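In the working numbering, the protein residues as written are 48 to 192. C-beta atoms are modelled at their ideal positions from N, C-alpha and C, and glycine is treated no differently. The model shown is predicted, which means the values in this text are computed figures rather than measured ones. This report refers to the structure that appears directly beneath it.
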């Protein structure tokens, strides 16, 4: 059972690393989008720039939730393990791994939620940038296609 929990913990850690990598990519894309849109004329371009900044902040929030703090080994814990019978110590370790796995899964869920929001905001920023560039600005300036 302990080996299966270790495998699950490694799996969740790998998925968290993937989520952080994706959040970093979204953060970079949001930064590039915000810079490219804001470097053009302001006005309606503030909408995609704002959405890009929201995407960047959501990505940073996803990156922030990196490690769970479910199990922190303290001197009192070690003493309790040493004084316990081998059977009790083994089951205490298994229980701690269950707690750690639950906290890691909760962290992964938060990361995923923030990342989904960041991607959604980034796509919305890109869409609004295209609409502003090819629909709103030509209408306001009276330029035709």
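Can you list, in chain order, the residues of its chain with a C-beta nearer than 8 Å to that of residue 66? Leave out the 5 residues immediately preceding and following it.
The residue given as residue 66 occupies position 19 in the chain shown. These residues qualify, in order along the chain: 109, 155, 158, 159 and 162.
Measuring CA to CA, which of 50, 48, 92 and 56 is closest to residue 150?
Here residue 150 refers to the residue found at position 103 when the chain shown is read from its first residue. Considering only alpha carbons, the answer is 56.
If we call anything under 9 Å between Cβ atoms a contact, is residue 187 one with residue 73?
Here residue 187 is taken as the residue at index 140 of the chain shown, counted from 1. Here residue 73 is taken as the residue at index 26 of the chain shown, counted from 1. Against a cut-off of 9 Å, the Cβ pair of residue 73 and residue 187 comes out as no contact.
Are residue 95 and residue 75 closer than 9 Å when you measure CB to CB?
Taking the chain shown and counting its residues from 1, one reaches residue 95 at position 48. Taking the chain shown and counting its residues from 1, one reaches residue 75 at position 28. 9 Å or more divides the Cβ of residue 95 from the Cβ of residue 75.
Taking the alpha carbon of residue 61 as the point to measure from, which residue in 143, 83, 148 and 101 has its own alpha carbon closest?
Here residue 61 is taken as the residue at index 14 of the chain shown, counted from 1. Here the closest residue by C-alpha is 148.
Report the CB separation of residue 106 from residue 165 in whole angstroms; it is logged as a contact under 8 Å.
Residue numbering aside, residue 106 sits at position 59 when the chain shown is read from its first letter. Residue numbering aside, residue 165 sits at position 118 when the chain shown is read from its first letter. Sure, about 4 Å apart at Cβ, within 8 Å.
Going along the chain, which residues of its own chain have a beta-carbon closer than 8 Å to the beta-carbon of residue 196, five neighbours each way excluded?
Look at the range of the chain in this structure, 48 to 192, and you will see that residue 196 is not part of it.
May I have a chain-ordered list of the alpha helix (DSSP H) segments no shorter than 4 residues that lie completely inside the region 93-162?
Contiguous alpha helix (DSSP H) elements confined to the region 93-162 occur at 93-111 and 122-130, taking only those with 4 or more residues.
Straight-line Cα distance separating residue 171 from residue 189:
Start at 1 with the first residue of the chain shown, and residue 189 comes out as number 142. Start at 1 with the first residue of the chain shown, and residue 171 comes out as number 124. So the alpha carbons of these two residues sit roughly 25 Å apart.
Do residue 99 and residue 70 have their C-beta atoms closer together than 9 Å?
As a working note, residue 99 is residue 52 in the chain shown. As a working note, residue 70 is residue 23 in the chain shown. No, these two residues do not count as a Cβ contact at 9 Å.
Please report how far the alpha carbon of residue 184 lies from the alpha carbon of residue 111, in whole angstroms.
Reading the chain shown from its first residue, position 137 is the one you call residue 184. Reading the chain shown from its first residue, position 64 is the one you call residue 111. Those two C-alpha atoms are separated by around 38 Å.
Residue from 79, 49, 52 and 92 with nearest C-alpha to residue 176
For the purposes of this step, residue 176 is identified with residue 129 of the chain shown, where counting begins at 1. Selected option, being the one with the closest Cα: 92.
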